[in-house]
Amino acid sequence: MATRRLPVYLLLDCSESMAGKPLENVETGVQTLLAALQRDPHALESVYLSIITFDAKARVAVPLEDLSQIRAPKLSIRPGTAMGAALKLVQESISRDVRRASPTQKGDFRPLIFILTDGQPTDEWEAAARDLKNMKHHPANVYAIGCGEEVDFSTMLQIADVSVHLKSMSTESLAGLFLWLSASVQSQSVALVPDGPLSLEKSPLKKGMELIGPSNVPQFQHDSVLYFHVRCRDALGHYLMRYRFVPETRFYEALDATPLPEDFFSDGAMKSPPVDASKLYGAPKCPFCQSQGWGKCGFCGHLFCLDHDRPARSLTCPHCQTSLTIDDDGASFTVDGSQG
Ligand SMILES: [Zn+2]
Ligand SMILES: [Zn+2]
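Residue numbers for the sequence shown follow the working numbering, beginning at 1058 and rising by one.
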């Protein structure tokens, strides 16, 4: 008779809001998690793991398979947070891959689903979340880990059985999160009754993690961070520029700029409604040429880096190659944001 397996699904948000260090930390975290589980004889015997990533689309990065076979996938960011599509992929895999009990064999253990996200779903997630909850033959335990300050926990509470807030996405706190994840999976793989819900007492939360329920949903402000795509005029590289809303000043202040991977636009970047540029304060440095500022092409509407201290009288748009002259009259205009 085949051994009962413990299916574990890791759903990773790879949207723009994870750009830079957070995504690197998640990548390292997945490597740590795999290494810890692969050293553990109990886990090696029972755990089958699948990794699903989501941005504008959801993808199966690692199909449900034997722990010993799995290598940590390379993650890259793209716009969008298609959490509904990711939940649907999990549901498909559970129906297809998880063994049900029959008179001749015990079925697999109750699947564990961990969703790691730092934003709000940008697709239709309600039906997928409901369908996942209503899988009669394969009830699963769903854990949502919301990272950072942009998480919509009212949504998380509807999707997950247990919601946890990881306040910071620093290297240290993400490392703690992945230690907690491996401890949770390990304790579940040795538990005497691994069919029930995961017991948090067995794997206490690490520093910086907080259990969220209906009574302590953290404040969340929609669009508190704005995202823009900019292209360097010198190096022609693309980068993501972020502005954060400051309630005291009612302005969006420049936060940072992170280079985007070459394949970032291959799935089509999505646009959010235009933003009034007069609400944006300051500018992050271009990560390629260090220009302190940016401008907008009057022809194609795209953004490029621009040194405001040493303004050029004429320049070429790196997107549409149109020769432009800069007007300094400070006229107000709108810029197209991205979805984050
Ligand atoms: Zn530049
Ligand atoms: Zn242009």
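Note that CB positions come from ideal geometry on N, CA and C, so glycine has one too. This one's a predicted model, so the numbers in the text were calculated from it and none came from an experiment.
- Here L1234 is near L1223, since their CB atoms are less than 9 Å apart.
- Closer than 8 Å to some heavy atom of ligand 2: that does not describe the Cβ of H1279.
- Collapsing the DSSP output to three states places P1098 in a helix.
- The C-alpha of T1085 is placed about 23 Å away from the C-alpha of Q1177.
- Following the DSSP letters along the chain, one finds R1116 inside the beta strand (DSSP E) bounded by residues 1115-1123.
- E1267 has its alpha-carbon roughly 10 Å from the corresponding atom of P1275.
- Taking 8 Å as the cut-off, one finds at least one heavy atom of ligand 1 near enough to the beta carbon of A1292.
- Here DSSP, grouped into helix, strand and coil, assigns A1314 to strand.
- By a beta-carbon distance limit of 8 Å, A1197 contacts I1151. Their separation comes to about 6 Å.
- As summarised for the stretch 1267-1303, the continuous beta strand (DSSP E) elements at least 3 residues long and confined to that stretch are 1282-1288, 1295-1303, given in chain order.
- Taking one beta carbon from each stretch, the stretch 1060-1073 and the stretch 1166-1183 have 3 or more pairs nearer than 8 Å; the two touch.
- The count of Cβ pairs closer than 8 Å, one atom from the stretch 1133-1141 and one from the stretch 1087-1104, stays below three, leaving the stretches out of contact.
- Using a Cβ distance threshold of 9 Å, L1069 and I1109 count as a contacting pair.
- Look at L1337 here: in three-state DSSP terms it is strand.
- Ligand 1 has no heavy atom closer than 8 Å to the beta-carbon of C1354.
- Excluding its 5 nearest sequence neighbours in each direction, L1091 has C-beta neighbours in its own chain below 7 Å: I1127, A1129, listed in chain order.
- Going by C-alpha positions, R1135 is about 46 Å away from T1161.
- For V1208, the three-state secondary structure derived from DSSP is coil.
- Fewer than three Cβ pairs drawn from the stretch 1095-1109 and the stretch 1303-1317 lie within less than 8 Å of each other, which leaves the two stretches out of contact.
- For C1374, the distance from the CB to the nearest heavy atom of ligand 2 is below 8 Å.
- According to DSSP, residue pairing for Q1162 in a beta bridge involves S1159.
- Ligand 1 never approaches F1285 closely enough for any of its heavy atoms to be under 8 Å from the residue's Cβ.
- When the five nearest sequence neighbours on each side are left out, the beta carbons in the same chain lying within less than 7 Å of the beta carbon of D1366 are those of Q1349, in order along the chain.
- Comparing alpha carbon positions, the residue from L1189, H1195, S1246 closest to K1259 is S1246.
- Boundaries of the beta strand (DSSP E) around S1395: 1391-1395.
- Closest by C-alpha distance to C1377, out of R1370, H1194, S1103, L1360, is L1360.
- In terms of side-chain proximity, the C-beta atom of C1071 is found no nearer than 8 Å to any non-hydrogen atom of ligand 1.
- Exclusion of the five residues before and after V1155 leaves P1064, D1165, P1168, H1195 as the residues of its chain whose Cβ lies within less than 7 Å of its Cβ.
- F1171 sits in a strand when the DSSP states are folded into three classes.
- S1335 and C1343 have their alpha carbons spaced roughly 20 Å apart.
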